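Throughout, the numbering used here is defined as the position within the sequence shown, counted from one, plus 1136. A virtual CB, placed ideally from N, CA and C, is assigned to each residue, including glycine. On a predicted model such as this, the values are computed, not experimentally measured, just so you know. To start, the structure under review is shown below, and the notes come after it.
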Amino acid sequence: VRAELSQAGLDIQERDFFKDPFSREEICSLLGEKDPSEFFSFKSPSFRKLGIERSSISGDALIDLMLSEPRLIRRPLISIDAETVVGTDRKSLAEILA
1137 VRAELSQAGL DIQERDFFKD PFSREEICSL LGEKDPSEFF SFKSPSFRKL GIERSSISGD
1197 ALIDLMLSEP RLIRRPLISI DAETVVGTDR KSLAEILA
């Protein structure tokens, strides 16, 4: 992903959100109108350890979980202008870079 962004001529700024955690305001800003589940790593061992049913969690609860445990945030998060995508979503990333 980094190479694709560089080839597009974008200035890359990285953030280690394990060392510099997001605030609720930052997460909500990155989400915009997206559902928090788009950024949530349901396949993470950290989520499985919680023993929570995926269908029983509200969007606000997902945000709370991501704030308390950054491993639950899908990575990389890529923010270009006002649009944020998870780096593994190649289609959305290609649309933003086009």
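Anticipated Cβ contact below 8 Å, residue i with residue j, distance rounded
i: G1168; j: T1220; result: 7 Å
i: S1180; j: L1208; result: 6 Å
Beta-carbon proximity list for residue i, same chain, < 6 Å, skipping 5 on both sides
i: I1080; result: The structure shown does not extend to residue 1080, since the chain is modelled only from 1137 to 1234, so the question has no answer here.
i: F1154; result: P1206
Status (buried if at least 16 other CB within 10 Å, exposed otherwise) for residue i
i: L1186; result: exposed
i: I1148; result: exposed
i: I1188; result: exposed
Straight-line Cα distance separating residue j from residue i
i: E1159; j: I1193; result: The sequence shown places Ser at residue 1159, not Glu. In a straight line, the C-alpha of S1159 is about 20 Å away from that of I1193.
i: R1138; j: R1190; result: 31 Å
i: S1182; j: D1196; result: 18 Å
i: R1226; j: E1161; result: 26 Å
i: T1224; j: P1212; result: 7 Å
i: R1184; j: R1210; result: 15 Å
Distance CB(residue i)-CB(residue j) smaller than 8 Å
i: F1175; j: V1222; result: yes
i: L1166; j: S1215; result: yes
Residues of its chain near residue i, where Cβ-Cβ distance is below 7 Å and the 5 sequence neighbours each way are ignored
i: I1232; result: I1216, E1219, V1221
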